[in-house]
Each structure stands twice: as C-alpha cells, then as structure tokens.
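Residue numbers (this note's numbering): 252 to 1044.
First comes the structure, then the notes that go with it.
Okay, here's the thing in structure tokens:
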C-alpha cells in the first residue's frame, strides 16, 4: 500500500480559505468598523494626523485652519467618523470620512477659534501605544519600509510582527521559538548557542539584527522579557537599515512605559528542570504624569533535553521617559544580561572525515547527541545603552535624534570533534578565545514632515546615520586535547593553555545620508521613493595594534514602491530595492576562521497584496532576490564566489477571526539556487538548510462556555526537505511538528489577575532536523512541556 504523502500547499491554503470563510460574516460590509483608538490631547493638527495614522485615513487640511486650536483626548472604541467628530467638537471645523479619506473644512456658522477642554470618554479603554504594541496577535503599525511609522497595510513590503502577548502565550524563550510562526523563516544556528535565522533562504548578516531599529550583535541569546514585539521585515531594507541581509531584518522592539501601572510576576519551569522568575513593572508619575518607567528583571536556571547541559542567566533592564513639554519627549533605556552556559555541541558533517561516514552515523543520532565538557562553559555579557529625543516642530514636522551602544563580551570555549569513528569515538579539538567583544555604536538623526503640493500629500523623511562595529578577539588556542565519545560521553581534562591578549581585529564604519517620500494621490494611490548614500570603510587589525584598511567604497541604493487601495482595508503593491550586506565571518573549522568578508550587493523585486478580514490581516507576496554567494569550499576556505537567486511566494493570515478565535497561519514556497559560481558543480544547487516549502498554523480558541477564562491552543508546523551538503547529495527529510497548549485566566476578589499556561511541544515526539545550514545536524527538541504562572498585582 502506498504511503500517504503530506503536501503543504493544500493544507496551508485550505487553512487560509476556511479562516476567511469563518471571519467573513463577522463584519457586515456596509458597517463602518469600530476601531480601538488612543489620541492624546494636543494641538489639533497633530491630533488629526494621529487619528489618520491609527484609522488608516488619507487626511487633507490647511494648516491655517487648525492653527492655535487644541483637540481633546479621544480614547476608546469608535468608528473613524465618531472619533473625528469628537476631535473637531467646538473647533469651527467639520469633516466627513468617505472611502478612507477625509477633508477638513470650516463648518458653516461655527465659531472661528475655540480652545477645547479635554474630553473624558467612558468607552472601553485602549492602552497607550506603548502598551498596545505588546497586546494581541497582530501588530498594526511599523516603520519597516522607511523612517516613519505607518500602518502595515500601507507598507509596500512584507512585514510580520509577533507581540509580547503571543510570545507569552506560546511560552517562547528565544527567537527560535518565535519564528516558527513565520513560514519564510528557518533556523540557521544551534539555538542553545545563539539566535540566528535565515529569512527567505538568506542567512542574516551581523548587521541585520536590530534593537529599536539600531544595530546590535546577536552572538548570544537575546532576552525576550523586555521586548514588546519581535518584528521581521522581509526582503531588502537597506534604505532603512543600511548594511543588511537581503533576506530581511529582525528588530526587537523594547517595552516602554504605558499609560497604566503594571506589576507582574511570572514563574516558569520545564520538564527538564529549568526554572525562571521574571518581574515586569511599569509606572507613571509627576504632576502631569510626564515621567514614565518600565523595569524588567529575570533570573533563569537553564536546562533542556541534552543530558548534562546546564547554565544560568540573569537579566535587568530599564526604560525611562520624560515628556519635558508638549513638543519634547526624552527617552533613555539600559539593558544588561549575564549568562553562563555550555558552548555549541550539536553535530555537523565536518565532524566526520567524509560525507558518507556522516550519513552512515546519522541513524544513531538524535536531539540528545551533543559534544561538550562540563568545564567548557562560555561566560557571556550583553549590555545596551540607548537614548532618544523627539521634538515636534510645529504641527507638521518632527526632529528625532537617537544614539545607541551595544556591547557583547564573552570567553569562547568550543569543543569541535574531528575524525569521528562509527562507535562514536572522536578526536576532541578545543577552540578557546577569551576576551572577545562585539561592540556596536549607532547615531541617527531624522527630520520628518508633511507637505501638500496641490492634490499631492508628501510624507517626507530626511536624515543621516553612522554605525561603528568593532570586533575584538585574540590569537586563541586551537588544538587537540584528547578523545571523547558522542554516544557514551567521557570527561576530558581541561588543558593548560597559553593565549595572547585580545585585540581590535576588525572595524567596520558606515556613514549615510538618506531621504524618503511617500506621496499620496487621493485616498487610493501611494508612491514611495527613497535614496540612501552609504560609505563603508573596513579595517583589519592584529596583535600589533595597527589597523589596516581593507575596504573603502561608497554606494547609492534606491527603493521604490507603488501602492493601490481598490477598496478600504485592501492594498496592492509593487516594490523594487537595492542593498548592501556586510560579508559573512568565516566559521569555526574553516582555514580562515573569523575572517570578515567584504560587503555584497543585492537586488529585489516584490509584488504583493494585503487585505483585512475583520480584525485579521491576510497577505500575499511574490518576490525575486539575487545576491553574492559565500560558502566553505572543498579546501575548507570560506570564500565569496558567484551569486544565488531566490524566488518565492508567501501567504500569511494573522489576528482575531472571531471573538473567540485567534489565528496565525502561513505558507511559503521558495525556489532557491546557486546561479553563478566558478565551482560549476554548485550551479543549480539549493543552499544548505533552505526548504522549498514551509507552512504553519497556530490557533487559540476561548472555551468560555466550558469555563470562563479557559483557552485551548494548537500548532502545526511543516518544513520540507533541506540540503545538508553543498552538492545536495543528502537531503534531510521534511517533517510536521504538533504543539498544544492550555491557558486559564483568573481574576481574584483582591484585584489580582492570574494566568496559568501549559504548553507541550512536539506532541508526537518527532525526530527531525531543524537546521542543516553549513552542514549542521541540529535536531529539533523531543517532546517537552513548559508551564508558567503570571500574577498581576
């Protein structure tokens, strides 16, 4: 009997179509949607612009009409017309929302100038934007396509974002746990070491990981406790971020002080013995509540499915803000994380002398196969310090200055097996490099403004930024230290070793000027254009302390987009972008390990559509990206040679479909291949670790009829075959992973709110390879359980 084969395309599209069918009756087409709005009391022009952003309206008015007038605060659930009427109450002005557009005109017979009192609204409250970003399963606004925040529906690129509420409900502990919700993202490293992913089949470069839009280094586990959301901008984003991977950018958005006080304690554990505690505090104070703070602190005892794996982690962060005046907002944030855990130890095909030997040994490997020693622990310290100032220049212009310093320090200890034998014996090689540092310093100045030119409305941004990335490491110890066994681990003595002091080994400077313009032609058409001129200088250093310039070039990269809204709540777009990416770093085991390669250029074309289904967003995109190729050749030399071409289709659906059902679903098909290279045997081959198909489905359903506060969740995650070696002679099998969860919310008479969460991952205890990038044999975790209790007090 022929075995049934799982095919992801019918699964994914049936999911999306059935979800659309469920949601369609929930919103009568003739009814104006009720929106959750939060518009603060401020000058009328600013308030109208804020409403236009939140309600996704095309707004037109003369500055002379609104000059000197103040709007009331409008917070709650309203239609756009209701909110507009309240903002204009007593102003002598009137406006009507029609097909997503509104024009402000003088109201016949009304007073000419009135300063209004603040309006108190008793409708269902909405948190301030800082807190609203953390809630729900859908983020509505993003600055992914330029330097101005706008509705995701209006961006001519693909953007996905995962708010803190989703992260908490899924009990995600790392980026690897979050990105399972995006079909265009795959793992690219051992998550027990650090968080690195591939987006649209491209390995993210060191410059493609951001914190509030500014560059950090991710060679350590990034804490999620103080993150409001994890945002993934897919495709080229050089205009916004400078040197980045063509696949996309991962941006960690930090929690900020909200309008409401918050006191939350979360206790967590897993079935392997891990324990954690996390405190999240938010406060407002001052006569006018002009000061705000957000404190997060956490401590974790680390443990997982690998026998003997151990570690610990401590974390502390603070975000502070001061509304110094109606026009000036000042923000400062600091974050520090300390961790000590065992270094990387997941198998790699390089552990064996030949690929055939690795394949023969594969049946004996599983998620518990790990080569490590108790003493091979890597201390890791990550510190971030940032400051921002935003000044409103009248009603149409704003000036923002941001600065950020990120420091990562570690002592790297890696056990690298060599010459693996069939019985699991191997020659153990140690790489020891103490005193490593990865430091990133960024400064950015942006001027934003709104200008009308006849029938055209321009949303402008001009600015400059500078980024310096320093890497310090020394001539570490690398050599054989004894013999181990993969299947029956035995201790190897920690050898005496002599290493040189760390030195500045690499410095990359980039300085840029940029300009963007989003032109609105009525309510339906938008044209986006931008230019970025970037100069990149790279220096290499050695133990003598002398830096030598290895690269110094400038490039101008454009970005263009066209967006059309046939009906409110739906957009069609086309975009083109060019970009630069910092070259990769030669991996451990290569003959030129730690060498930083020169920048690579890339190009992208994307066509897409987005439409709202009730409160959910359905998106689809077709894209084509080409960039330079990097790989480790047969001589174990990491080289830049040729190009790779990735073409694909993505479909996603995310958000609440009904009052009880919230859904995240998606499917992606990717044709990725090596297009040009001097090594002809690689042409047409698929890059390592990149599946042709991926699909995901996560549903959260409220069981209010059974027990108020009880919710059931389930996840299904499919990933297709992945190439293990460069020549695609070994393709790792695809897999389907199933997860399930329960959540129970309880309100106590004392006013406390308790949330119990239980999650079981990999219900079927499936054995599968989660990552084969670079020849890795990183298995997904076996069946595991997580539990947590959150207490709001």
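We put the beta carbon where it would ideally sit given N, CA and C, even for glycine.
It should be emphasised that the depicted structure is a prediction, and the values quoted were computed from it without experimental measurement.
- Its Cα nearest to that of residue 836, the residue 455 stands out among 778, 581, 455 and 1012.
- Taking each of 432, 787, 951 and 401 in turn and checking the Cα distance to residue 413, the smallest one comes out for 432.
- Taking C-beta atoms as the reference points, residue 928 and residue 879 fail to come closer than 7 Å.
- Counting along the chain, residue 906 sits inside the beta strand (DSSP E) bounded by residues 889-907.
- Non-local C-beta neighbours of residue 981 in its own chain, meaning closer than 7 Å and more than five positions away in sequence, comprise 606, 610 and 975, ordered along the chain.
- When only Cα atoms are considered, residue 629 and residue 713 end up about 43 Å apart.
- The Cβ atoms of residue 965 and residue 991 sit closer than 7 Å to each other.
- Excluding five sequence positions before and after residue 789, the CB atoms of its chain that fall closer than 6 Å to its own CB belong to 759, 801 and 802, given in chain order.
- Spatial neighbours of residue 358 in its own chain (CB-CB distance under 7 Å, excluding positions within 5 residues in sequence) are listed in chain order as 343, 344 and 345.
- DSSP places residue 960 outside any beta strand (DSSP E), giving it a letter other than H or E.
- In chain order, 290, 295, 298, 299, 302, 322, 323 and 325 place their CB closer than 8 Å to the CB of residue 338, counting only its own chain and leaving out the 5 sequence neighbours on each side.
- Between residue 891 and residue 848, the alpha-carbon positions lie close to 8 Å from each other.
- Proximity of the region 434-447 to the region 989-1009 falls short of the contact definition, fewer than three beta-carbon pairs being nearer than 8 Å.
- Residue pairing for residue 644: DSSP places it in a beta bridge opposite 648.
- In this structure, the CA atom of residue 649 is about 35 Å from the CA atom of residue 875.
- In the three-state reduction of the DSSP assignment, residue 296 falls in the helix class.
- It is roughly 29 Å from the alpha-carbon of residue 1026 to the alpha-carbon of residue 1011.
- The count of Cβ pairs closer than 8 Å, one atom from the region 484-502 and one from the region 580-593, stays below three, leaving the stretches out of contact.
- In the three-state DSSP reduction, residue 626 falls in the coil class, being neither helix nor strand.
- One thing to note: residue 1022 has its Cβ within 7 Å of the Cβ of residue 940.
- Within the same chain, 898 come within 6 Å of residue 922 by CB-CB distance, once the 5 residues on both sides are set aside.
- With respect to the 7 Å criterion, residue 653 and residue 593 are not classified as neighbours on the basis of their beta carbons.
- The region 470-479 and the region 502-516 touch, with no fewer than 3 CB-CB distances between them shorter than 8 Å.
- Its Cα nearest to that of residue 933, the residue 979 stands out among 959, 979, 905 and 947.
- When C-alpha distances from residue 530 are compared across 540, 550, 512 and 537, the shortest belongs to 550.
- Distance check between residue 545 and each of 908, 570 and 734 places 570 closest, using alpha-carbon atoms only.
- Burial of residue 936 is indicated by the presence of at least 16 other C-beta atoms within 10 angstroms of its C-beta.
- If you ignore the 5 residues before and after residue 995, its C-beta comes within less than 6 Å of the C-beta of 960, 961 and 1007, all in its own chain and listed in chain order.
- For residue 384, the closest of 424, 706 and 418 by C-alpha to C-alpha distance is 418.
- Residue pairing by DSSP places residue 449 opposite 437 and 454 in a beta bridge.
- Secondary structure at residue 610: helix, using DSSP grouped into helix, strand and coil.
- When C-alpha distances from residue 867 are compared across 858, 844, 909 and 902, the shortest belongs to 909.
- Secondary structure at residue 418: helix, using DSSP grouped into helix, strand and coil.
- Around the beta carbon of residue 582, a 10 Å sphere encloses 16 or more other beta carbons of the protein chains shown; the residue is thus reported as buried.
- Within the region 735-779, the runs of beta strand (DSSP E) at least 3 residues long that lie entirely inside it are, in chain order, 754-772.
- The beta carbon of residue 755 is closer than 8 Å to those of 721, 722, 723, 792, 796 and 798 in its chain, skipping five residues each way along the sequence.
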